[in-house]
Amino acid sequence: MQRMQIPTPDGDQLDLEWMETSQRNPEFDGHHPPPVVILLHGLEGNANRYYIRRLAEMLLQDGFDVAALHFRSCSGRMNQARRFYHSGETEDLSTLIRWILNQTPGLDRPILLAGFSLGASVILNFLAKSNPASPEVKAVQAFAAISAPFDLKAGSETMNRGFAKIYQLRFLRSLEKKLLEKRARYTDLPEFRGNTLYEFDDQVTAPLHGFESAEDYYHQCSSGKFIDRIHTPGLILHSKEDPICPFETVPVRELADMPHLKTVFPQKGGHVGFWSMPAGWQEELVSQYLKRFAGLHTSIGPQANTNPTARNGNPINPKQTLNHART
802 MQRMQIPTPD GDQLDLEWME TSQRNPEFDG HHPPPVVILL HGLEGNANRY
852 YIRRLAEMLL QDGFDVAALH FRSCSGRMNQ ARRFYHSGET EDLSTLIRWI
902 LNQTPGLDRP ILLAGFSLGA SVILNFLAKS NPASPEVKAV QAFAAISAPF
952 DLKAGSETMN RGFAKIYQLR FLRSLEKKLL EKRARYTDLP EFRGNTLYEF
1002 DDQVTAPLHG FESAEDYYHQ CSSGKFIDRI HTPGLILHSK EDPICPFETV
1052 PVRELADMPH LKTVFPQKGG HVGFWSMPAG WQEELVSQYL KRFAGLHTSI
1102 GPQANTNPTA RNGNPINPKQ TLNHART
């Protein structure tokens, strides 16, 4: 794994964990580099979180290169620009895709995307709002969106109830600390006086990123409103008992009318982790799906067989899941 810095159009830098596979598919040997999967983490996470690392390990075994992006301010060092990141900020993803394409000019290198929670929202916003004829969008062969917040306002309201309050407190502590650090350099940045993520978005996220208010931010960036604009093949993975992004906000009816999108809705699993499933289930599911669109054979990698067994001995059959779990 190699930490890399990528310059951005606004004079900042993106921090990236770059990982190259040792499992070479003959189809991509020589002047054909392997496909690359871009991984995007959730709110106040980073590219070293367990769910990113576990999926990266599976993808590397299966013949992919991996680019795990740290959103601005999330890599352990504060970014230099005024702004941070948010659920609908897509320019940094575009910048990263351009950078990857520029590493192998003139070659058609497949790019695939996988995002968790906020990272999934960024992917959905990017694919729905960007010019479909742009090189960045055309390079993306498929995506996986795990535990996406399809309705940002509903998600912020959920944070004020029950167990989710614990997550809200942790998020706010991290966000407030970063804001104080950034205000030492940019003294005109807004202050935060509140106790909820909604108030933080209203007082900080919205004005810092060009929105009129939290309501405006949520309206413009809630991907459930424009999911029908996405034409790239994708996997939508969401637990029916997600405590952070309620299943009621998933646009199930719209997704059912989009045959290029596969949906997997486990009854249990929580948010992102899918703790009720066998170990490795989520990673195997995502990798098997993405390989369908990257020219990779499922025999590559020690865990890429069609009926793998998890560490606890329970069988995993992602093909069966993909074929029968759509609801």
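Here my numbering is used: the first residue of the sequence shown is 802, the next is one more, and so on.
Here a beta-carbon is modelled for each residue, glycine too, at the ideal position from N, C-alpha and C.
Please classify Q969 as buried or exposed, where buried requires at least 16 neighbouring CB atoms within 10 angstroms. The residue you call residue 969 lines up with position 168 of the sequence shown. Burial call: buried.
Between the CA atoms of L973 and A915 - distance to the nearest angstrom: Counted from its first residue, the sequence shown places residue 915 at position 114. Counted from its first residue, the sequence shown places residue 973 at position 172. Their Cα atoms are separated by approximately 25 Å.
Proximity of C1046 and S888 at Cβ, strictly below 7 Å: Here the question's residue 1046 lines up with position 245 in the sequence shown. Here the question's residue 888 lines up with position 87 in the sequence shown. No. Outside cutoff.
Look at F865 and R873 and say whether their C-beta atoms are less than 7 Å apart. Start at 1 with the first residue of the sequence shown, and residue 865 comes out as number 64. Start at 1 with the first residue of the sequence shown, and residue 873 comes out as number 72. No, the Cβ-Cβ distance between F865 and R873 is not below 7 Å.
With a threshold of 7 Å on Cβ separation, who are the neighbours of D1043 within its own chain once the five nearest residues in sequence on each side are excluded? Here residue 1043 refers to the residue found at position 242 of the sequence shown. Excluding residues within five positions, the ones whose Cβ falls inside 7 Å are S948, G1071 and H1072.
For P1060, count the other beta carbons within 10 Å of its own beta carbon; 16 or more makes it buried, fewer makes it exposed. Which is it? Start at 1 with the first residue of the sequence shown, and residue 1060 comes out as number 259. Counting Cβ neighbours within 10 Å, P1060 comes out exposed, since fewer than 16 surround it.
Using the Cα positions of H1032 and S975, report the straight-line distance between them to the nearest angstrom. For the purposes of this step, residue 1032 is identified with residue 231 of the sequence shown, where counting begins at 1. For the purposes of this step, residue 975 is identified with residue 174 of the sequence shown, where counting begins at 1. The alpha-carbon atoms of H1032 and S975 are separated by roughly 36 Å.
Among V867, D811, I839 and M879, which residue has its Cα nearest to the Cα of K978? Against the sequence shown, residue 978 aligns to sequence position 177. Out of V867, D811, I839 and M879, M879 has the C-alpha closest to the C-alpha of K978.
For L844, collect the residues of the same chain with a Cβ closer than 7 Å to its Cβ; drop the 5 residues on either side in sequence, then sort them by chain order. Counted from its first residue, the sequence shown places residue 844 at position 43. Its chain contains S918, L919 and F972 as the residues whose beta carbon lies nearer than 7 Å to that of L844, once the 5 sequence neighbours on both sides are disregarded; these appear in chain order.
Is Q806 buried or exposed, if buried means 16 or more other CB atoms sit within 10 Å of its CB? Stepping through the sequence shown from its first residue, residue 806 is reached at position 5. Exposed, because fewer than 16 other Cβ atoms sit within 10 Å of the Cβ of Q806.
For the candidate residues I839, H842 and L925, whose alpha-carbon lies nearest to that of L1056? The count along the sequence shown starts at 1 and reaches residue 1056 at position 255. Comparing Cα positions, the closest option is L925.
Could you check what DSSP says for F972 in three-state terms: helix, strand or coil? Translated into the one-based positions of the sequence shown, residue 972 becomes position 171. If DSSP states are grouped into helix, strand and coil, F972 belongs with the helices.
For the alpha helix (DSSP H) that contains D1017, what are its first and last residues? For the purposes of this step, residue 1017 is identified with residue 216 of the sequence shown, where counting begins at 1. Segment A1015 to C1022, the alpha helix (DSSP H) holding D1017.
Could you round the C-beta distance between L913 and L1091 to whole angstroms and report it? I think they count as a contact, below 8 Å. Counting from 1 along the sequence shown, the entry for residue 913 is found at position 112. Counting from 1 along the sequence shown, the entry for residue 1091 is found at position 290. Confirmed, about 5 Å.
Residue environment, A945, which counts as buried when at least 16 other CB atoms sit within 10 Å: Here the question's residue 945 lines up with position 144 in the sequence shown. The residue is buried, with at least 16 neighbouring Cβ atoms inside 10 Å.
Tell me whether D767 sits in a helix, a strand or coil according to DSSP, three-state version. Because the chain spans 802 through 1128 in this model, residue 767 falls outside it and cannot be assessed.
Rounded to whole angstroms, what is the Cα-Cα separation between G956 and F1066? Locating residue 956 in the sequence shown gives position 155, counting from the first residue. Locating residue 1066 in the sequence shown gives position 265, counting from the first residue. Distance between the alpha carbons of G956 and F1066 is about 18 Å.
Would you say A882 and D811 are within 7 Å of each other, going by their C-beta atoms? Numbered from its first residue, the sequence shown carries residue 882 at position 81. Numbered from its first residue, the sequence shown carries residue 811 at position 10. Yes; because the gap between Cβ atoms is below 7 Å, this pair is in contact.
Do the CB positions of K1026 and Q1068 come within less than 7 Å of each other? Locating residue 1026 in the sequence shown gives position 225, where the first residue counts as 1. Locating residue 1068 in the sequence shown gives position 267, where the first residue counts as 1. No; because the gap between Cβ atoms is not below 7 Å, this pair is not in contact.
Among residues of its own chain, excluding the 5 on either side of G1009, which ones have a beta-carbon nearer than 8 Å to its beta-carbon? Within the sequence shown, residue 1009 is the residue found at index 208, counting from 1. Going by the sequence as given, residue 1009 is Leu instead of Gly. The residues are R883, R884, F885, L990 and P991.
Cβ of Q1083 within 7 Å of Cβ of F1094? Locating residue 1083 in the sequence shown gives position 282, counting from the first residue. Locating residue 1094 in the sequence shown gives position 293, counting from the first residue. The answer is no: Cβ separation not under 7 Å.
In whole angstroms, what separates the C-alpha of N1106 from that of V941? Residue numbering aside, residue 1106 sits at position 305 when the sequence shown is read from its first letter. Residue numbering aside, residue 941 sits at position 140 when the sequence shown is read from its first letter. Interpretation of N1106 is limited by its pLDDT of 35, a score under 50 that renders its predicted location unreliable; the figure taken from the coordinates is listed afterwards. Their Cα atoms are separated by approximately 25 Å.
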